[in-house]
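Here the structure comes first, spelled out in structure tokens, and everything after it is commentary.
Residue numbers (the numbering used here), protein chains in the order written: chain A, 3 to 97; chain B, 6 to 318; chain C, 180 to 276; chain D, 121 to 231.
Listed below in structure tokens is the structure:
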């Protein structure tokens, strides 16, 4: 089972790394933010698969931390992308 | 070649690719996103190296707070990037830099591959003295007991960095509020996320501190999560950064190191050495240090990211 | 019995990996930002969800299993909100005609 | 035997090389800061490899270098925070984001 979990982890890692090509191609900030978001989710999946695959149940706590901090980083990215386009750090959150 | 080795090779390749993209990407904004992705994968590497405590710290710092810190700067400096790129060193300098860096890396590779076998280790000593600390996680025991001096000094460094950041404020803003005042729709998506996520984050932060006695975790990691939640609530416009002259704020900032130092000084006459704990009291004392430390870390990190004061009330 | 559990894990985790594959393909191939965002959310919600589901029997206890589910719920919550914020950035960059 | 200690040891050494190159070759201080963080994480990885090889007494790694790395990460983050504040302040004061000692007057700056 450990072999299967590690193999799947490697597979997801490879696919997520491929998605990172999106960051390089752009064209807009939205695409870069999406790639970061996919990486956060995929990274957690790889972490859980790889950690539980080798018997470290403690990685679940790392997964919790990553989920929270990835959300924080993503919000900071969106805010920064807004700010740098509009040229004002405090952007109105229009809906 | 086992599946584990194949996975490690793939992981190392991904880490190196991200590191290279971080350096070579043209736009700083994209480079910062690359760097955050890199931090995420590095957390995975630490798990593979059997260091879940470090993985937790890397996930909190590399994956989250550093990204939040750098992306703000990248956004502010965006307009100057074209001018900065024009100052790129010529091909000759870059070639010399590449050759020199490659030589140093090659030297390190040679050093890593020729490490003595069996490797020197202090793990048996740590295991033998673990019982005296009352905690079950050896990394927590090292941080809070065996090498507690490092941990005190680390917190002082954190505080000094914050003072350094504050000292960059314009004179008229001294003691004012840091960062921009974020205005967001109080009924919008971001406010919704901040309202729902931050209480959960506080619970998880406290949990990460609590389990650190026997499992990977710690006051710093817990404090990082709390800081991220505080900043999230600020970015959602639900609360404003406090003016830096507030007494309670200053008190919180020094509470952690002050209590740590007080307990350390008490060790001089209770146990015969600075930062020594009487064996029966080791675990309660470590908790007494860690709980205020987590709050101090949270406030310090949050203000470090918020930056120098830039407005009065 | 353990064979059955392993089969369950293999099926669920493979299905999760498939959704990550779908998300990546969509991110690389779809023509505009909003459709790419649509593809991404599938990887977020279903990919990680199925991986977590498959790992539940191997987490080693009820508390660990609950924490695994909590990881997924946190990602669901933040993913849904952040997708909306990203969509707003996309609209600002390329306003719908 | 190709264990994680070997693979990530080489990886850490290469990261130090990458970071060093980026530190020299990038003109913008923000990029230098990123490169410096790469360099630091490479050095931390080398510590982690030493810790992994010191696995004994039932621990997956030697806890002393692991604790040192945690302390190192905190200090590296403090330094990064201070550096970012300095960078932003320099930009606010001079309008430039590079370290040239003879900044051209704003009128002559490249568009």
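Each residue gets a CB set at the ideal place from its N, CA and C atoms; glycine is no exception.
In this text, all values refer to a predicted model and were calculated from it rather than measured experimentally.
Measuring CA to CA, which of the options is closest to residue i?
i	options	result
residue 235/B	151/B, 201/B and 46/B	201/B
residue 192/B	243/B, 137/B and 97/B	243/B
residue 99/B	142/D, 194/D and 214/D	142/D
residue 127/B	177/D, 218/D, 196/D and 129/D	177/D
residue 134/D	166/D, 147/D and 149/D	166/D
residue 226/B	171/B, 219/B, 213/B and 177/B	213/B
residue 184/C	221/C, 196/C and 233/C	233/C
residue 36/A	263/C, 251/C and 188/C	263/C
residue 219/B	57/B, 241/B and 37/B	57/B
residue 272/B	28/B, 258/B, 189/B and 291/B	291/B
residue 144/B	211/D, 213/D, 215/D and 183/D	183/D
residue 89/B	31/B, 306/B, 17/B and 222/B	31/B
If we ignore side chains and look at the alpha-carbon of each, how far apart do residue i and residue j end up?
i	j	result
residue 207/D	residue 293/B	38 Å
residue 200/C	residue 214/C	16 Å
residue 155/D	residue 285/B	47 Å
residue 60/B	residue 86/B	33 Å
residue 84/A	residue 201/D	22 Å
residue 125/D	residue 12/B	13 Å
residue 129/B	residue 147/B	13 Å
residue 225/C	residue 197/B	22 Å
residue 211/C	residue 288/B	57 Å
residue 10/B	residue 236/C	25 Å
residue 194/D	residue 106/B	26 Å
residue 113/B	residue 130/D	8 Å
residue 309/B	residue 238/B	16 Å
residue 174/B	residue 209/D	8 Å
residue 75/B	residue 37/B	7 Å
residue 69/B	residue 188/D	21 Å
residue 27/B	residue 71/B	14 Å
residue 213/D	residue 277/B	52 Å
residue 35/B	residue 34/A	7 Å
residue 168/D	residue 54/B	7 Å
residue 297/B	residue 202/C	43 Å
residue 303/B	residue 134/B	31 Å
residue 265/C	residue 40/A	12 Å
Would DSSP call residue i helix, strand or coil?
i	result
residue 209/D	helix
residue 99/B	helix
residue 252/B	helix
residue 125/B	coil
residue 83/B	helix
residue 183/D	helix
residue 204/B	helix
residue 236/C	helix
residue 231/D	Any reading at residue 231/D needs caution, since the residue's pLDDT is 39, under 50, leaving its predicted position unreliable; the model's value is listed next. Coil, per DSSP.
residue 315/B	strand
residue 9/A	helix
residue 247/B	coil
residue 34/A	helix
residue 289/B	helix
residue 124/D	helix
residue 262/B	helix
residue 147/C	For residue 147/C there is no data in the structure shown, the boundaries of chain C being 180 and 276.
residue 271/C	helix
residue 93/B	coil
residue 53/B	helix
residue 177/B	helix
residue 152/B	coil
Taking C-beta pairs closer than 7 Å, name the residues in chain B that residue i reaches, listed in chain order.
i	result
residue 57/A	In chain order: nothing, as chain B lies at least about 11 Å away.
residue 62/D	The question about residue 62/D has no answer, for chain D in this structure spans 121 to 231.
Run through chain A and tell me which residues come within less than 7 Å of residue i, C-beta to C-beta.
i	result
residue 73/B	74, 75 and 78
residue 227/C	43, 46 and 47
residue 298/B	What residue 298/B touches in chain A: nothing, since even the nearest Cβ is about 18 Å away.
Going along chain C, which residues have a C-beta under 8 Å from residue i?
i	result
residue 194/B	260, 263 and 264
Find the residues of chain C that neighbour residue i, judging by a C-beta separation of less than 9 Å, and give them in chain order.
i	result
residue 12/A	What residue 12/A touches in chain C: nothing, since even the nearest Cβ is about 10 Å away.
At 8 Å on the CB atoms, spell out the chain B contacts of residue i, in chain order.
i	result
residue 253/C	202 and 205
residue 256/C	198, 201 and 202
Taking C-beta pairs closer than 9 Å, name the residues in chain B that residue i reaches, listed in chain order.
i	result
residue 214/D	In chain order: nothing, as chain B lies at least about 10 Å away.
Against residue i, what residues of chain A qualify as contacts under a CB-to-CB distance less than 8 Å, listed in chain order?
i	result
residue 141/B	None at all; the shortest Cβ gap to chain A is about 12 Å.
* For the stretch 207 to 224 of chain C, which residues have a beta carbon sitting closer than 8 Å to at least one beta carbon of chain A? -> Here the close residues are 207, 212, 215, 216, 219, 222 and 223.
What residues in the stretch 137 to 159 of chain D have a beta carbon less than 9 Å from any beta carbon of chain B? Flagged, chain order: 137, 138, 139, 140, 141, 142, 143, 144, 145, 146, 147, 148, 149, 150, 151, 153, 154, 155, 157 and 158.
What are the residues of the stretch 181 to 207 of chain C that lie near chain B, defined by any Cβ-Cβ distance shorter than 7 Å?
Cβ contacts with chain B: none found.
### Residues of the stretch 18 to 52 of chain A whose Cβ lies closer than 8 Å to any Cβ of chain B, in chain order
Contacts with chain B (Cβ-Cβ distance below 8 Å) from the stretch 18 to 52 of chain A involve 19, 22, 25, 26, 28, 31, 34, 35, 37, 38, 41, 42, 45, 48, 49 and 52, listed in chain order.
### Task
Pull out every residue of the stretch 205 to 228 of chain B whose Cβ sits closer than 9 Å to any Cβ of chain A, in chain order.
Cβ contacts with chain A come from 205, 206, 209, 210, 212, 213, 216, 220, 221, 222 and 226.
Proximal residues, the stretch 175 to 201 of chain B versus chain C, C-beta separation under 8 Å: Here the close residues are 194, 195, 197, 198 and 201.
Quiz item: If you measure beta-carbon to beta-carbon, which residues of the stretch 234 to 252 of chain B are closer than 7 Å to chain D?
Solution: The residues in question: there are none.
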